[in-house]
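Undergrad:
In UniProt numbering, the protein residues as written are 1 to 171.
Written out as structure tokens, the structure is:
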């Protein structure tokens, strides 16, 4: 097995398109887990569980709150939700992209309610998180320092200003 410094000396990145559907968060969790496993990253079970939970929270928010895109002038439909997972340095970074430009707001959680704690959980568990508007929507991201090393999780890696305009061969 390769050591973490060899694996994380370069930026690993992959995108996935998801439907705006109740099954999206489960698909996202399994896809992210498979990607991180394929990269043979030395993640602890605790970090794997945290990444899975935070991924689920952001995708669920996109499904519940984001507007679904209309068909383009050519009749094709753009992806409803895109996720990007990246590993580099000591950090895992994940973004969930949707077509709604409305930025999320963290609110005080009602612990008796059935929902409404997603961003509270993201804020409590991620090293950093944020939301960025782009031409066709927004992306909400989190980073988690979990691959060893002393570097603090910094700003999000260079991101595409419009994740929905990335062509397939660029992925």
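Glycine residues also receive a C-beta, built at the ideal position from the N, C-alpha and C atoms.
This structure is a prediction, so every number in the text was calculated from the model and none was measured.
Taking only the alpha-carbon atoms, compute the straight-line gap between residue 21 and residue 83 and give it to the nearest angstrom.
TA: 14 Å
Undergrad: Using the three-state DSSP reduction, which class does residue 15 fall into: helix, strand or coil?
TA: When secondary structure is reduced to three states using DSSP, residue 15 falls in the strand class.
Undergrad: Run through the UniProt domain "Histidine kinase/HSP90-like ATPase" (19-143) for me and flag every whole beta strand (DSSP E) of 3 or more residues, listed as ranges in chain order.
TA: DSSP assignment within the UniProt domain "Histidine kinase/HSP90-like ATPase" (19-143) yields the following whole beta strand (DSSP E) runs of 3 residues or more, N-terminal first: 81-88, 91-98 and 128-134.
Undergrad: Within 10 angstroms of its Cβ, does residue 107 collect 16 or more other Cβ (buried), or is it exposed?
TA: exposed
Undergrad: Buried or exposed for residue 89, going by 16 or more other Cβ atoms inside 10 Å?
TA: buried
Undergrad: What is the rounded straight-line gap between the Cα of residue 104 and the Cα of residue 142?
TA: 13 Å
Undergrad: Thinking C-beta only, is residue 31 closer than 8 Å to residue 12?
TA: no
Undergrad: Is residue 135 buried or exposed, if buried means 16 or more other CB atoms sit within 10 Å of its CB?
TA: exposed
Undergrad: Does the distance from the CB of residue 144 to the CB of residue 41 come in under 8 Å?
TA: no
Undergrad: Among the candidates 19, 57 and 37, whose CA atom is the shortest distance from the CA of residue 122?
TA: Looking at the Cα atoms, 57 is the closest of the given residues.
Undergrad: Do residue 126 and residue 140 have their C-beta atoms within less than 8 Å of each other?
TA: no
Undergrad: Have a look at residue 87 and residue 93 and give me their C-alpha separation to the nearest angstrom.
TA: 6 Å
Undergrad: What residues in its chain sit with their C-beta under 7 Å from that of residue 19, if we drop five residues either side in the sequence?
TA: Leaving aside the five residues that flank residue 19 on each side, the residues in its chain whose CB is nearer than 7 Å to its CB run, in chain order, 80.
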